[in-house]
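Numbering (the UniProt record's numbering), first residue to last: 1 to 95.
Beta carbons are placed, not taken as given, at the ideal position from N, Cα and C, and that holds for glycine.
Bear in mind that the values here come from a model prediction, so they are computed numbers and not experimental data.
Below is one structure; the comments refer to it alone.
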């Protein structure tokens, strides 16, 4: 287990922290999925910007979590990367 994982597990013992952490998970998953898809497509942010028509600054904001994307925006990015957007609802799991 890494130091970060150990710290996270320790912090998750605090109920207030745990609640906030869980509320941020969907945004964090979107951020990770976007960065992975872009990397797998072999594109830089600038190249994705050109292909999608979305500014490089907005792509950066999406990847650093300071902008919440709409489904339409995610679909546009997916198309530009040659991907299909998939959203799913899964059962909650206690951390």
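For residue i, three-class secondary structure by DSSP
{"i": "residue 22", "result": "helix"}
{"i": "residue 85", "result": "coil"}
{"i": "residue 41", "result": "coil"}
Endpoints, alpha helix (DSSP H) assigned at residue i
{"i": "residue 58", "result": "56-63"}
{"i": "residue 8", "result": "3-11"}
{"i": "residue 79", "result": "71-80"}
Alpha-carbon spacing of residue i relative to residue j, whole angstroms
{"i": "residue 13", "j": "residue 47", "result": "42 Å"}
{"i": "residue 38", "j": "residue 81", "result": "7 Å"}
{"i": "residue 33", "j": "residue 45", "result": "14 Å"}
{"i": "residue 30", "j": "residue 16", "result": "23 Å"}
Cβ-based burial, residue i [other Cβ within 10 Å; buried from 16]
{"i": "residue 59", "result": "buried"}
{"i": "residue 62", "result": "buried"}
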